[in-house]
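Taking our numbering, I'd label the letters of the sequence shown as residues 506 to 883. See below for the structure under consideration.
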Amino acid sequence: IFINNEWRSAISGKKFATFNPATGAKICDVEEADKADVDEAVNAARAAGQRGSTWRRMDASSRGQLLHRLADLLERDRAILATLESKDTGKPFLHAFFVDLDGSIKTLRYYAGWTDKIHGRSMPVDENTVCFTKHEPVGVCGAIIPWNFPLLMFMWKLAPALACGNTIIIKPAEQSPLSALHMGALIQEAGFPPGVVNILPGFGPTAGVAIANHMNIDKVAFTGSTEVGQLIKAAAAHSNLKRVTLELGGKNPCIVFADADLQLAVEETQKGAFFNQGQACTAASRVFVEESIYKEFVRRSVERAKTIVIGDPMEPRTGHGPQIDRNQCEKILGLVESGKKEGAKLEFGGSAVEDKDLFIHPTIFSEVKDHMRIATEE
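And the structure:
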């Protein structure tokens with residue numbers, strides 16, 4: 506647990522294990538934060554963000570320099586972080602190296618550029634009166650991030666919060682906490698003042714609930730399921746009416762018309778559907794195809810799916826790794842069965858890979874109707 510620029514054990518003494526989904530092997534034990542640790546982190550973040558603190562006295566351009574320095578450290582540790590992402594989530598190493606790390610570094614540099622460009626407005630009223638607005642930091646921000654893109658979601662929460670002068674408490678998902686914990690070491694090395702960034706690995710019903718309900722957290726940002734997002738919004742309303750930002754589930758369509766480059770359409774829709782093993786709220790898991798090209802599009806899609814290499818995420822040829830855990834596998838296979846029962850035609854995949862515990866073949870259905878679960882559920 507990273508609080509106030511220090512590494513601490515959980516107050517409860519509890520730990521939890523994190524596993525490599527590709528092999529099933531235990532990676533390590535991680536300290537398990539709960540409400541007591543959240544309270545400690547809030548105290549540290551509140552002190553770091555109060556008027557007169559080092560962080561509040563720091564000019565905006567210096568905040569930007571710290572974010573650029575952190576981006577430099579991500580560049581240096583790119584291979585380490587991509588390895589942690591791959592081992593912890595099962596995503597192919599090259600995807601993590603080029604997509605997740607690129608996005609994380611660009612996010613930091615983008616918001617570093619904004620730090621000294623956040624201006625208020627002045628509005629002359631009459632000869633003797635001027636109204637003006639001044640933007641102030643919200644305060645202590647709580648961020649609850651998902652398991653599918655741990656590092657990238659960490660940056661999407663961290664960078665804008667720090668660019669605006671806030672302090673932050675980040676709870677990574679229990680399935681994939683390792684890249685967030687490595688970021689704690691880089692936060693120290695970059696030179697951020699104590700208490701500005703706090704990282705608390707833990708579980709949603711304990712640490713997550715404590716963040717959503719905390720009376721001294723001013724804003725909470727969450728990426729995850731719609732069901733949990735509804736609970737967080739309710740908790741924010743029933744506590745201190747904290748501000749809420751939610752990025753929740755989706756069931757996203759692609760539309761392919763007859764005048765499209767058919768092979769390009771197949772390539773792009775499969776990227777949309779199968780990237781990160783389909784584990785993305787922006788996954789293009791539905792494809793609407795003009796009737797005149799429908800059969801040919803399905804045929805080409807099946808042929809393309811057959812070429813996807815399933816295997817060790819650390820191997821350069823691998824394009825499809827394991828699902829994150831057993832629960833996710835059961836959810837996917839359950840949806841496959843529902844598709845069959847409701848009358849969709851299974852064209853390819855739909856089963857676990859033999860001798861590979863958490864691996865599922867890329868799956869394609871045709872003749873899907875709008876009312877079917879596979880057409881409505883993420």
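We put the beta carbon where it would ideally sit given N, CA and C, even for glycine.
Uninterrupted beta strand (DSSP E) stretches at least 3 residues long and entirely within the region 633 to 693 occur at 634 to 637, 645 to 649, 672 to 676, given in chain order.
Note that the C-beta distance between Pro-706 and Glu-536 is below 9 Å.
At the C-beta level, Ser-871 and Ala-857 stay beyond 9 Å of one another. Proximity of the region 780 to 790 to the region 657 to 674 falls short of the contact definition, fewer than three beta-carbon pairs being nearer than 8 Å. Going by beta carbons, Thr-711 and Asp-830 fall outside the 9 Å limit. When DSSP states are grouped into helix, strand and coil, Val-803 belongs to the helix group. Measuring C-alpha to C-alpha distances from Asp-860 to each of Glu-511, Ala-810, Gly-529, Ala-648 identifies Gly-529 as the nearest. Between the region 663 to 674 and the region 569 to 576 there are three or more inter-stretch CB-CB distances shorter than 8 Å, so the stretches are counted as touching. The three-state secondary structure of Phe-507, taken from DSSP, is strand. When DSSP assignments are scanned along the region 726 to 753, the uninterrupted stretches of alpha helix (DSSP H) that are 4 or more residues long and fall wholly within it turn out to be 731 to 743.
Note that the C-beta distance between Thr-588 and Ala-601 is below 9 Å. In the three-state reduction of the DSSP assignment, Leu-840 falls in the helix class, which pools H, G and I. By DSSP's assignment, Leu-851 forms a beta bridge with Phe-870.
For Phe-779, the enclosing alpha helix (DSSP H) has its first and last residue at 767 to 779.
The criterion of a C-beta distance shorter than 9 Å is satisfied by Gly-855 and Gly-844. According to DSSP, residue pairing for Glu-536 in a beta bridge involves Lys-520.
DSSP lists Phe-637 as the bridge partner or partners of Ser-627. Counting along the chain, Val-761 sits inside the beta strand (DSSP E) bounded by residues 758 to 761.
Note on Phe-802: 16 or more other CB atoms within 10 angstroms of its CB, so buried under the neighbour-count rule.
Within the same chain, and ignoring the five residues on either side of Tyr-616 in sequence, the residues whose Cβ sits closer than 7 Å to its Cβ are Leu-572, Ala-664, Pro-665, Ala-668. Between the alpha carbons of Asp-723 and Leu-851 lies a gap of roughly 48 Å.
Taking a cut-off of 8 Å on C-beta distances, the region 669 to 688 touches the region 635 to 651, as three or more cross pairs fall below it. Under the 10 Å beta carbon count, Val-635 is surrounded by fewer than 16 other beta carbons and is classified as exposed. Secondary structure at Lys-724: strand, using DSSP grouped into helix, strand and coil.
In the structure shown, the three-state DSSP call for Lys-845 is helix. Taking the CA atoms as reference points, Gln-768 sits about 44 Å from Ile-704. Pairing Lys-846 with Glu-796, the inter-Cα distance amounts to about 24 Å.
Ile-815 sits in a strand when the DSSP states are folded into three classes. When the alpha-carbon of His-866 is set against those of Asp-875, Arg-805, Gln-828, Ile-879, the nearest one is in Gln-828.
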